[in-house]
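Novice: Got a structure for you, questions after.
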Amino acid sequence: DTEVTQTPKHLVMGMTNKKSLKCEQHMGHRAMYWYKQKAKKPPELMFVYSYEKLSINESVPSRFSPECPNSSLLNLHLHALQPEDSALYLCASSLGQGNFLYGYTFGSGTRLTVV
Amino acid sequence: AQTVTQSQPEMSVQEAETVTLSCTYDTSENNYYLFWYKQPPSRQMILVIRQEAYKQQNATENRFSVNFQKAAKSFSLKISDSQLGDTAMYFCAFMNPTGTASKLTFGTGTRLQVTL
Chain X
1 DTEVTQTPKH
11 LVMGMTNKKS
21 LKCEQHMGHR
31 AMYWYKQKAK
41 KPPELMFVYS
51 YEKLSINESV
61 PSRFSPECPN
71 SSLLNLHLHA
81 LQPEDSALYL
91 CASSLGQGNF
101 LYGYTFGSGT
111 RLTVV
Chain H
116 AQTVTQSQPE
126 MSVQEAETVT
136 LSCTYDTSEN
146 NYYLFWYKQP
156 PSRQMILVIR
166 QEAYKQQNAT
176 ENRFSVNFQK
186 AAKSFSLKIS
196 DSQLGDTAMY
206 FCAFMNPTGT
216 ASKLTFGTGT
226 RLQVTL
């Protein structure tokens, strides 16, 4: 299995809703990432998990809450979002420490619309 | 902080022709990695080619090759024999290895259109 699977592919939520994005990989990668991508812009890093521990939080608002229950699964919990949070949310994984040459493997993203 | 600059927002090339996408970066590090990613309309970011900074030899992957100039901090992508399926957004990316996890920084992207 050489894929990163993200669900759902599309999500529409109200500003008072609570929802979660899910990301899964079975490549034995030990680092996982959340990126946010606005239209016609590059992806921007949000969070990095390394060996199931949060190692980087790029000053993301607390309405975004990441979770890494195990080495294969990464969640992003969403609560009280704003319309400006509408974007493509990309998950990625990598081998981790000492294996940087292979870059990241990305999922195809969740298109989030906040209404 | 590292920055990655792609000065060509859009480019167009005819099928079977060759096109070069430019990328420059700024870093004070000596050990790093450079990548080109492709993002077609399907949205998934696909790794095209990668380069280790300490290797002088330019990387090549089939029709894709790079011109890596470390002193000039330049990392351009050449696509030979362009195909319609090459139409996509292309992002240059820089990775500075850290202690426990890498951090990938993207340029602003170049939208490539391959025409008949």
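Protein chains in written order, with this note's numbering: chain X, 1 to 115; chain H, 116 to 231. Idealized CB from N, CA, C, for every residue including glycine.
1) Comparing the CB of Leu95 of chain X with every heavy atom of the ligand GTP, is any distance shorter than 7 Å?
2) At a Cβ threshold of 8 Å, is Gln206 of chain H touching chain X?
3) Of all the options H:Asp201, H:Leu219, H:Gly200, H:Ser197, which has the alpha carbon lying nearest to the alpha carbon of Ala92 of chain X?
4) Report the CB separation of Gly107 of chain X from Leu90 of chain X in whole angstroms; it is logged as a contact under 8 Å.
5) Secondary structure at Asp85 of chain X, three-state DSSP: helix, strand or coil?
6) Among X:Glu52, X:Lys22, X:Ser59, X:Met13, which residue has its Cα nearest to the Cα of Gly28 of chain X?
7) Closer than 7 Å, Cβ to any Cβ of chain A: which residues of the stretch 158–182 of chain H, in chain order?
8) If you reduce the DSSP assignment to three classes, tell me which class Tyr169 of chain H lands in.
9) With 16 as the cutoff for other CB atoms within 10 Å, does Ile194 of chain H come out buried or exposed?
10) Ignore the nearest five residues each way along the sequence and tell me which others in Phe251 of chain H's own chain have a CB closer than 6 Å to its CB.
11) Who are the Cβ neighbours of Phe190 of chain H in its own chain at under 7 Å, not counting the five residues just before and after it?
12) Between the C-alpha atoms of Ser197 of chain H and Ser127 of chain H, what's the straight-line distance to the nearest angstrom?
13) For Leu74 of chain X, would you say it is in contact with chain H, using Cβ-to-Cβ distances shorter than 8 Å as the test?
14) Going along the chain, which residues of its own chain have a beta-carbon closer than 6 Å to the beta-carbon of Ser65 of chain X, five neighbours each way excluded?
15) Give me, in chain order, the residues of the same chain whose beta-carbon lies closer than 8 Å to that of Val115 of chain X; leave out the 5 immediate sequence neighbours on both sides.
Specialist: Here's the rundown:
1) The ligand GTP is absent from the structure shown, which contains no ligand whatsoever.
2) Translated into positions along the second sequence, residue 206 of chain H becomes position 91. Gln is not the amino acid found at residue 206 of chain H; the sequence shown has Phe there. Taking a beta-carbon distance threshold of 8 Å, Phe206 of chain H counts as an interface residue toward chain X.
3) Working through the first sequence from its first residue, we reach residue 92 of chain X at position 92. Nearest of H:Asp201, H:Leu219, H:Gly200, H:Ser197 to Ala92 of chain X, Cα basis: H:Leu219.
4) Within the first sequence, residue 107 of chain X is the residue found at index 107, counting from 1. Within the first sequence, residue 90 of chain X is the residue found at index 90, counting from 1. 6 Å between Cβ atoms; contact.
5) Within the first sequence, residue 85 of chain X is the residue found at index 85, counting from 1. Three-state DSSP puts Asp85 of chain X in a helix.
6) By one-based count along the first sequence, residue 28 of chain X stands at place 28. Minimum Cα distance to Gly28 of chain X is reached at X:Glu52.
7) Any reference to chain A falls outside this structure, whose protein chains are X and H.
8) In the second sequence, the residue the question calls residue 169 of chain H occupies position 54. Here Tyr169 of chain H sits in coil by DSSP.
9) Within the second sequence, residue 194 of chain H is the residue found at index 79, counting from 1. For Ile194 of chain H, the number of other beta carbons within 10 angstroms of its own is at least 16, and it is reported as buried.
10) Missing from the structure shown is residue 251 of chain H; chain H here goes from 116 to 231 and no further.
11) Stepping through the second sequence from its first residue, residue 190 of chain H is reached at position 75. Within the same chain, Phe190 of chain H has close Cβ partners Cys138, Tyr140, Leu149, Gln166, Val181, Phe183, Cys207.
12) Mapped onto the second sequence, residue 197 of chain H falls at position 82. Mapped onto the second sequence, residue 127 of chain H falls at position 12. Ser197 of chain H and Ser127 of chain H have their C-alpha atoms roughly 10 Å apart.
13) In the first sequence, counting from the first residue as 1, residue 74 of chain X sits at position 74. Put simply, the CB of Leu74 of chain X is far from chain H, with every gap to its CB atoms at 8 Å or more.
14) In the first sequence, residue 65 of chain X corresponds to position 65, counting from 1. Non-local beta-carbon contacts of Ser65 of chain X in its own chain, meaning distances under 6 Å to residues more than five positions away in sequence, involve His77 in chain order.
15) Translated into the one-based positions of the first sequence, residue 115 of chain X becomes position 115. Val12, Met13, Gly14, Met15, Pro83.
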